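Undergrad: Just so you know, we're using this note's numbering here: the sequence shown kicks off at 131 and counts up by one. Quick reminder that beta carbons are idealized off the backbone N, C-alpha and C, glycines included. All of these numbers come straight from a predicted model, not from anything done at the bench. This structure is in structure tokens; I'll ask about it shortly.
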Amino acid sequence: MEDVIIVGAGPAGASAAFYLGQAGLRVRVLEKEKLPRYKACGGGLSPRMLARYFPFTCDPVIEARAQSVRYGYAGDEVTVPLHDGDLAFVMRSRFDAFILEHARAEVHQGLAVRQVVEKADRVEVTTAGGQSFEARYVIGADGANSIVARALPRRARRRPVAAIEVEAPAPPGYLASLSQSPLFLLGDIQYGYAWVFPKVDHLSVGIAAWRPGPGELQARLRPIMARYGIDLEQGAWHGHPIPIHGTTRQLATRRILLAGDAASLADPLTGEGIRLAIKSGWLAAQAIIRGDSRQYARAIRAQIGNSHSLGLGLAGLFYTATSPCYALGVCNPLASRAFIEMLSDRIHYAGLIARIFGTLPLYLAEESARMIAQRARGRKAPR
Ligand SMILES: Cc1cc2nc3c(=O)[nH]c(=O)nc-3n(C[C@H](O)[C@H](O)[C@H](O)COP(=O)(O)OP(=O)(O)OC[C@H]3O[C@@H](n4cnc5c(N)ncnc54)[C@H](O)[C@@H]3O)c2cc1C
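Set out below in structure tokens:
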């Protein structure tokens, strides 16, 4: 019998395997795909966050690093400069396999888990092929359509966001400029946004929204990308849900813990989920190492859930009143930088909201001065 079976080798499962292996526990990872496998994902993350969570460098799998980020809304565009290490991009196939390579664990690929049953002293895991395994604990890190979550009587309520990712060729000369400055496009779809992210030799473009109509994501994405000369017909299209934070009912029992998308931990405003998967993988490992799985749900609430609840409120405001939020939040570089800082896990939504309102008087004063100067000169000043 193993100490821990981890179902799924995405960032949640691979990080949990890494921390548990480091602590000397016997770990078995069951992954239904052969690695490296494709995962529909923009792959946007903070290298600073990676440096916080892993003692090894992830540089070998970083495809591009942003110097700034561009936001487009209703024909306007604003560029926010970034510090080095704020935002980078990975291909998930390489990234996930890279994290797992560092884990001291027995990894089984091509084994899909079909059923998980918790007993008093262990958990039994059965695969689709009929093999069974036993462990003292199971971590369900099997993503948005988690099988492990079904073993929990009161699992997390989901608020799924639908998303599409296309790996598209970059128009000639466009990749270099984009690799410096990825693009977030607001206002083209209700309760969602589109993006253009750089990779080494192509672009990852996509769109996500809360409860879009049938075929709406595809229909919206085509004209948006046509504006940028991006040919989507030559790329591979992938649809996938993003289970954003909901009202948490149950994330763990005595012996089963859910992490990452299986626990519906993606960010409610952006759908960002790699950081939350790594963080919850780490928290799940810590709870098991201490032999107290009950503390896991408390730790998730304290370190992710409370912030996400504020984020859910902010997301509601942002997507219903995008115009003022764009003008007063996104265009305010101090607030925008705080938003990017969240990716590095240094501040939470309370900090972001404080930064938005705290910097508003200064931003409005600067904007007024800019407009007065612009009127005096009789022309439009660049932002
Ligand atoms: C289109 C799109 C774009 C996104 N862009 C970003 C972004 O730019 N930045 C960001 O931070 N987040 C982004 N996300 C969110 C991010 O991809 C997820 O939050 C993240 O992948 C969650 O990691 P995970 O380890 O929990 O699950 P996953 O990455 O989904 O990994 C789950 C693993 O479990 C395996 N598995 C599933 N079922 C079984 C089974 N029955 N038995 C065994 N193995 C199984 C799967 O094969 C998979 O390898 C995006 C999501 C989408 C859909």
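Cβ of G138 versus every heavy atom of ligand 1: is any distance shorter than 7 Å?
TA: Within the sequence shown, numbered from 1, the residue matching residue 138 stands at position 8. Yes, since a heavy atom of ligand 1 falls inside the 7 Å radius drawn around the Cβ of G138.
Undergrad: Can you grab the Cα-Cα spacing for the pair C188 / A235, in whole Å?
TA: On the sequence shown, position 58 is the one that residue 188 refers to. On the sequence shown, position 105 is the one that residue 235 refers to. C188 and A235: Cα-Cα distance of roughly 19 Å.
Undergrad: Per DSSP, P166 is paired with what?
TA: As a first step, residue 166 is located in the sequence shown; it is residue number 36 there, counting from the start. Answer is none; P166 lacks a bridge partner.
Undergrad: Which residue wins for smallest C-alpha separation from I486, given the options L473, A503 and A468?
TA: By 1-based counting over the sequence shown, the position of residue 486 is 356. Minimum Cα distance to I486 is reached at A468.
Undergrad: May I ask which residues mark the beginning and end of the alpha helix (DSSP H) holding Y149?
TA: Here residue 149 is taken as the residue at index 19 of the sequence shown, counted from 1. Run containing Y149: P141 to Q152, per the alpha helix (DSSP H) assignment.
Undergrad: So E295 and S334 are in contact, right, with Cβ under 8 Å, and what is the actual spacing, rounded?
TA: As a working note, residue 295 is residue 165 in the sequence shown. As a working note, residue 334 is residue 204 in the sequence shown. At roughly 6 Å, the Cβ-Cβ gap stays under 8 Å, so E295 and S334 are in contact.
Undergrad: Go ahead and pull the three-state DSSP assignment for D189.
TA: In the sequence shown, the residue the question calls residue 189 occupies position 59. Reduced to three states, the DSSP call for D189 is helix.
Undergrad: Take the Cβ of N462 as the centre, count every other Cβ of all protein chains shown within 10 Å, and call the residue buried at 16 or more, exposed below.
TA: Position 332 of the sequence shown, counting from 1, holds the residue named residue 462. It counts as buried.
Undergrad: Between the alpha carbons of V199 and G240, how many angstroms are there, rounded?
TA: Position 69 of the sequence shown, counting from 1, holds the residue named residue 199. Position 110 of the sequence shown, counting from 1, holds the residue named residue 240. Cα to Cα, the separation comes out at about 38 Å.
Undergrad: Tell me which residues share the same chain as A382 and place their Cβ nearer than 6 Å to its Cβ, disregarding the 5 neighbours each side in the sequence.
TA: Against the sequence shown, residue 382 aligns to sequence position 252. The answer, listed in chain order, is S423, Y426 and A427.
Undergrad: At 4 residues or longer, and completely inside the segment 188-271: list those alpha helix (DSSP H) runs for me, N to C.
TA: Complete alpha helix (DSSP H) runs here, min 4: 222-231.
Undergrad: Please say whether E402 and A396 have beta carbons closer to each other than 8 Å?
TA: The residue labelled residue 396 in the question sits at position 266 within the sequence shown. The residue labelled residue 402 in the question sits at position 272 within the sequence shown. Yes.
Undergrad: Can you check whether the C-beta of G365 is within less than 8 Å of a C-beta belonging to chain B?
TA: The chain labelled as chain B is not found in the depicted structure, where only one protein chain is given.
Undergrad: Quick check on this structure: which residue in R195, Q152 and R431 has the alpha carbon closest to the alpha carbon of H213?
TA: One-based indexing of the sequence shown puts residue 213 at position 83. Among R195, Q152 and R431, the Cα nearest to that of H213 belongs to R195.
Undergrad: Whole angstroms are fine: how far does the CA of G173 sit from the CA of R222?
TA: As a working mapping, residue 222 is identified with position 92 in the sequence shown. As a working mapping, residue 173 is identified with position 43 in the sequence shown. Roughly 6 Å between the two C-alpha positions.
Undergrad: Please list, in chain order, all residues of the same chain as E161 whose beta carbon is under 6 Å from its beta carbon, the five residues on each side excluded.
TA: To locate residue 161, count along the sequence shown from 1; it is residue 31. Result list for E161: A139 and Q239, in chain order.
Undergrad: Taking the alpha-carbon positions, what's the R409 to L388 distance?
TA: Position 279 of the sequence shown holds residue 409. Position 258 of the sequence shown holds residue 388. The identity of residue 409 in the sequence shown is Lys, whereas the question assumes Arg. Cα to Cα, K409 sits roughly 12 Å from L388.
Undergrad: According to DSSP, what are the bridge partners of L388?
TA: Against the sequence shown, residue 388 aligns to sequence position 258. G270.
Undergrad: Under a three-way DSSP split, which group does F469 fall into?
TA: For this step, residue 469 is matched to residue 339 along the sequence shown. It is helical.
Undergrad: Could you name the residues of the same chain whose beta carbon sits closer than 8 Å to that of A366, not counting the 5 residues immediately before and after it, in chain order?
TA: Residue numbering aside, residue 366 sits at position 236 when the sequence shown is read from its first letter. Result list for A366: V296 and E297, in chain order.
Undergrad: V191: which of V237, H438, F225 and K164 sits nearest, CA to CA?
TA: As a working mapping, residue 191 is identified with position 61 in the sequence shown. Closest by alpha carbon: F225.
Undergrad: Where does L362 land, buried or exposed, given buried means 16+ other C-beta within 10 angstroms?
TA: If you number the sequence shown from 1, residue 362 lands on position 232. That one is buried.
Undergrad: Does G138 come out as helix, strand or coil in the three-state DSSP assignment?
TA: The sequence position of residue 138 within the sequence shown is 8, counting from 1. G138: coil per DSSP, three-state reduction.
Undergrad: Given 8 Å as the limit, is there contact between the segment 169-184 and the segment 432-444, that is, 3 or more CB pairs closer than that?
TA: In short, these stretches do not touch, since the Cβ pair count stays below three.
Undergrad: Report the residue from A338, G345, P312 and L492 whose alpha carbon sits nearest the alpha carbon of Y201.
TA: For this step, residue 201 is matched to residue 71 along the sequence shown. The shortest Cα separation from Y201 among A338, G345, P312 and L492 belongs to P312.
Undergrad: Considering only the beta carbon of each residue, do I319 and A339 sit closer than 8 Å?
TA: Numbered from its first residue, the sequence shown carries residue 319 at position 189. Numbered from its first residue, the sequence shown carries residue 339 at position 209. Yes; because the gap between Cβ atoms is below 8 Å, this pair is in contact.
Undergrad: Does the distance between the C-beta of D216 and the nearest non-hydrogen atom of ligand 1 fall short of 7 Å?
TA: The residue given as residue 216 occupies position 86 in the sequence shown. False, no ligand heavy atom lies under 7 Å from that Cβ.
Undergrad: Let me check you understand the geometry: is the CB of G173 closer than 7 Å to at least one non-hydrogen atom of ligand 1?
TA: Sequence index remark: in the sequence shown, residue 173 carries index 43 (1-based). Answer for G173: yes, Cβ within range of ligand 1.
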